[in-house]
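Enquirer: Structure below; questions to follow.
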Amino acid sequence: MAATAAIGLAVGSAGAHPGHDDTIAQEAAPCEQVRQAQPNDRGVRVATPTAAGQIDAVLIAQASRKPIAGGKIVLTGIDACGDNIHRHMSTGVNGQVSFRGLQPGRYQLTAYRHDSAVRAVTSAEVDLSTPTLKTIQFTAD
Numbered sequence: 076m077a078a079t080a081a082i083g084l085a086v087g088s089a090g091a092h093p094g095h096d097d098t099i100a101q102e103a104a105p106c107e108q109v110r111q112a113q114p115n116d117r118g119v120r121v122a123t124p125t126a127a128g129q130i131d132a133v134l135i136a137q138a139s140r141k142p143i144a145g146g147k148i149v150l151t152g153i154d155a156c157g158d159n160i161h162r163h164m165s166t167g168v169n170g171q172v173s174f175r176g177l178q179p180g181r182y183q184l185t186a187y188r189h190d191s192a193v194r195a196v197t198s199a200e201v202d203l204s205t206p207t208l209k210t211i212q213f214t215a216d
């Protein structure tokens with residue numbers, strides 16, 4: 076199975092956010108405030124207006140160049156506060172997902188063709204060192 080990952084960068088990019096809303100919001104305040112933040116009713120820290128890091132991913136079919144709906148993108152890594160981050164999202168009809176409210180850190184995104192797939196299509200390392208929007212494109216057979 077041949078697959079590729081391409082990384083793009085857009086600073087201050089505007090427009091609609093792809094995919095579904097992020098399943099977990101992460102505080103982008105100083106680390107001490109994050110650790111002291113009270114969880115909401117679902118046990119999740121709520122993002123503030125200062126949360127600026129975002130990674131978008133799109134999963135497309137190599138032959139047709141069409142988006143793959145129902146794929147899975149997994150984000151893992153360690154943020155600037157030293158916290159282990161693990162999030163997963165299913166791609167929408169446009170083949171996209173958006174991980175918002177990220178602290179600076181080093182993250183790995185892994186793409187799966189189907190939500191229940193156990194074998195990854197490909198993965199990419201992303202260094203989110205400043206408040207930016209980075210876009211990753213995964214191509215699958």
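First residue of the sequence shown: 76, per this note's numbering; consecutive thereafter. Note that CB positions come from ideal geometry on N, CA and C, so glycine has one too. These numbers were taken from a predicted model, which means no experiment stands behind them.
#1: Measure the Cβ-Cβ separation of T214 and A144 and say whether it is below 9 Å.
#2: Just the C-alpha distance for H161 and D131, rounded to the nearest angstrom, thanks.
#3: Whole angstroms is fine: what's the gap from Q212's alpha carbon to G170's?
#4: Return the chain-ordered list of same chain residues with a C-beta closer than 7 Å to the C-beta of L203, the five sequence neighbours on each side being excluded.
#5: According to DSSP, is V168 helix, strand or coil?
#6: Could you tell me which whole beta strand (DSSP E) segments of length 3 or greater appear in the region 149-201?
#7: Flag this pair as yes or no: are the beta carbons of V196 and L134 separated by less than 9 Å?
#8: Grouping DSSP H, G and I as helix and E and B as strand, with all else coil, what is Q129?
#9: A144 by DSSP, collapsed to three states: which one?
#10: With H, G and I counted as helix, E and B as strand and the rest as coil, what does DSSP make of T214?
#11: Keeping to the same chain, check which residues put their C-beta closer than 8 Å to that of H163; ignore five residues upstream and five downstream.
Expert: Reading from the atomic positions:
#1: no
#2: 15 Å
#3: 10 Å
#4: G128, I130, L177, P179, G180, Y182 and K209
#5: coil
#6: 159-165, 171-177 and 180-187
#7: yes
#8: strand
#9: coil
#10: strand
#11: T98, K147, I148, V149 and L150
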